[in-house]
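Asker: Start counting the sequence shown at 90; every next residue gets the next number (the numbering used here).
Every residue, glycine too, gets a C-beta built ideally from N, C-alpha and C.
The structure's right below; bear with me while I get my questions together.
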Amino acid sequence: MLIQVLGTGCARCKTHMRQSKGRARTGVDAQVEKVEDIQQIMAFEILMPPGLVINGEVKAAGRVPNIEEIKKIILAAKGN
């Protein structure tokens, strides 16, 4: 699984990255990647970072999901 955190380095983006790294608590083997390049972010049609993308699919944009929501999103993506 590839988890991408889209953001340019703002405080919300840093929080999102830190929370997404908490995926270890889900037992899911995943790579977490920070995407700061604005062209890559725009390719996902994210107008306001941060964004959360799992396996190429946007799961959240413009906000930081809480830890529980991130865990649910990751576990749901694992089932696909």
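1. According to the Cβ coordinates, are alanine 119 and isoleucine 135 closer than 8 Å?
2. Measuring CB to CB, does valine 124 end up less than 8 Å from glutamine 93?
3. Once the 5 residues before and after methionine 137 are set aside, which same chain residues still bring their CB inside 8 Å of it?
4. Taking the Cβ atom as the reference point for each residue, do isoleucine 130 and glycine 145 lie within a distance shorter than 8 Å?
5. For leucine 95 versus valine 142, is the C-beta distance shorter than 8 Å?
6. Taking the Cβ atom as the reference point for each residue, do valine 121 and phenylalanine 133 lie within a distance shorter than 8 Å?
Answerer: Concretely, from the data shown:
1. no
2. yes
3. Ala150, Gly151
4. no
5. yes
6. no
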